[in-house]
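Data block below; observations after.
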Amino acid sequence: MAEITWIKILTNIFKDEKIRLIQSMPEGDALVLTWINILTEAGDKNDNGYLRLNEDIPYTIQNLTVLLNRPHMIVELALRVFQQFRMIEMDQQGFIYISNWEKHQNVEGMGRVKEQNKLRQQRRRDKLKQLEPPKTSRDSHVMSHENHATDIELELELEKDLKHIVVKDDSAIAFETFWSAYPTKGSNKKMSLAKWNTLWKNKQIDMEQMLNGVIGYVNHQEHWGYKTCAAQVFLNQERWSDDWSFTPRTIISESRTSIPPTAKKEKEVPEYHG
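If you want the numbering used here, it's the 1-based position in the sequence shown plus 577.
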């Protein structure tokens, strides 16, 4: 998907009937703020209003609690209210999407803007090219070539000097992303980081696979009612690479009668209509 950095919110949003009714509820202001959080998250995903990790994995309440940085109770209440008011819906596969998403993000219009920007940049490049001074002698060409070669050498030396720093920084940043996504209660961050650095150094970590594995594992554990293991155990056992697929359940479901078929399978996580 192309990067999208904005969504549309009407200036009279707080005069909207549904928003006014929501504001009158207990925790009403928090619910309205959560709605705006959900709109911006869907805009950032740029997936036609869907809220999901990818086409195969839905978000759970815990996932959205982390992503929206809102209390679990508020997110759960908000999803129920928004579904009741038909502000969000769930498709036949259990994925949450925002109703009438085209009201908030006109993808076709953004495509036109992108094309206009592309043409504007091309015109600017052509204009700069016309302003370049002509090459008048072989000597100037040689000097330019020598300067270019010197620049390349300096870049290579700089890359060599900073390589170990960049790798270390990348590992630390990636670890913090993992740490914020994983339910780390009871985990030892120092031990987890040490294991992470070893895995990273050996190129055993693919961040997309890791985050998919974390969400799949957490969903699986919640679905079958089991606790998640400590983060250092998750990393030591390389559990992100396991298959944690299951059939999701809707968030509005009243009954929870599913029984874990094995100790490995676990309770399914509720789906949201973000």
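Where a beta carbon is used, it is the ideal one built from N, C-alpha and C, also for glycine. Here the structure is a predicted model, which is why all the values come from computation and not from measurement.
Roughly how many angstroms lie between the CA atoms of residue i and residue j, to the nearest whole one?
{"i": "I742", "j": "T775", "result": "Below a pLDDT of 50, predicted positions are generally treated as unreliable, and I742, at 41, falls in that range; no measurement from the model is reported."}
{"i": "D593", "j": "V609", "result": "11 Å"}
{"i": "E815", "j": "H649", "result": "28 Å"}
{"i": "G671", "j": "N589", "result": "32 Å"}
{"i": "N614", "j": "L645", "result": "6 Å"}
{"i": "L788", "j": "W583", "result": "25 Å"}
{"i": "S822", "j": "Y674", "result": "21 Å"}
{"i": "M667", "j": "K704", "result": "51 Å"}
{"i": "D820", "j": "E679", "result": "35 Å"}
{"i": "S830", "j": "Y803", "result": "Residue placement at S830 is poorly supported in this model, since its pLDDT is 43, which falls under 50; the coordinates still yield a value, given next. Distance between the alpha carbons of S830 and Y803 is about 19 Å."}
{"i": "L696", "j": "K706", "result": "15 Å"}
{"i": "D606", "j": "Y636", "result": "23 Å"}
{"i": "Q669", "j": "R701", "result": "48 Å"}
{"i": "Q786", "j": "F755", "result": "11 Å"}
{"i": "I599", "j": "I665", "result": "14 Å"}
{"i": "K767", "j": "D783", "result": "21 Å"}
Hey, residue i and residue j: beta-carbon distance below 8 Å or not?
{"i": "L866", "j": "E618", "result": "The structure shown does not extend to residue 866, since the chain is modelled only from 578 to 851, so the question has no answer here."}
{"i": "T611", "j": "R647", "result": "yes"}
{"i": "Q798", "j": "K772", "result": "no"}
{"i": "S764", "j": "A807", "result": "yes"}
{"i": "G793", "j": "I634", "result": "yes"}
{"i": "L812", "j": "S748", "result": "no"}
{"i": "I651", "j": "E604", "result": "yes"}
Indicate the three-state DSSP secondary structure (helix, strand or coil) for residue i in the structure shown.
{"i": "L587", "result": "coil"}
{"i": "R629", "result": "strand"}
{"i": "Y794", "result": "helix"}
{"i": "M664", "result": "coil"}
{"i": "I675", "result": "strand"}
{"i": "K778", "result": "helix"}
{"i": "W756", "result": "helix"}
{"i": "K695", "result": "helix"}
{"i": "S748", "result": "helix"}
{"i": "N765", "result": "coil"}
Residue i and residue j look like a contact to me (Cβ under 8 Å); what is the Cβ gap, rounded to whole Å?
{"i": "K595", "j": "F662", "result": "5 Å"}
Which full runs of the alpha helix (DSSP H) of 4+ residues lie inside the stretch 592-662, going along the chain? Correct list: 594-600, 605-622, 638-645, 649-661.
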